[in-house]
Amino acid sequence: MAALEREVEEYDDFVLLDLEEEYSRLPYKTLAFFKAAYALFDSDFYVKADDDIYLRPGEQETDNIQDICS
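Residue 1 is where the sequence shown starts when you use the UniProt record's numbering, and the numbers rise one by one after that.
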């Protein structure tokens, strides 16, 4: 954990949440992430991804994102 804390201090590239890691509590973890992201970052949209997903947005989704960002 010390190495992760050092990286967060140096790069500020992680959001650390104080939660119990348990599959049945996944909805609470997701909600906590979005609450933290909304409070910390001003953005038009937020995305939560994990290391076991394959995100492949279609053409319509990427067009919508481009419209939002322009």
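Every residue, glycine too, gets a C-beta built ideally from N, C-alpha and C.
Item: Rounded distance between the beta-carbons of Phe-34 and Tyr-23, thought under 8 Å; Value: 19 Å between Cβ atoms; not a contact.
Item: Integer Cβ distance of Ala-39 from Leu-17, believed to fall under 8 Å; Value: In fact, because the Cβ distance is near 12 Å, the residues do not count as touching under 8 Å.
Item: Inter-residue Cα distance where the pair is Ala-49 and Leu-55; Value: 8 Å
Item: Cβ shell of Ala-37 (< 7 Å), same chain only, five flanking positions each side left out; Value: Val-15 and Tyr-46
Item: Neighbour flag for Lys-48 against chain C, beta carbons, 8 Å; Value: Absence of chain C from the displayed structure is noted, only one protein chain being present.
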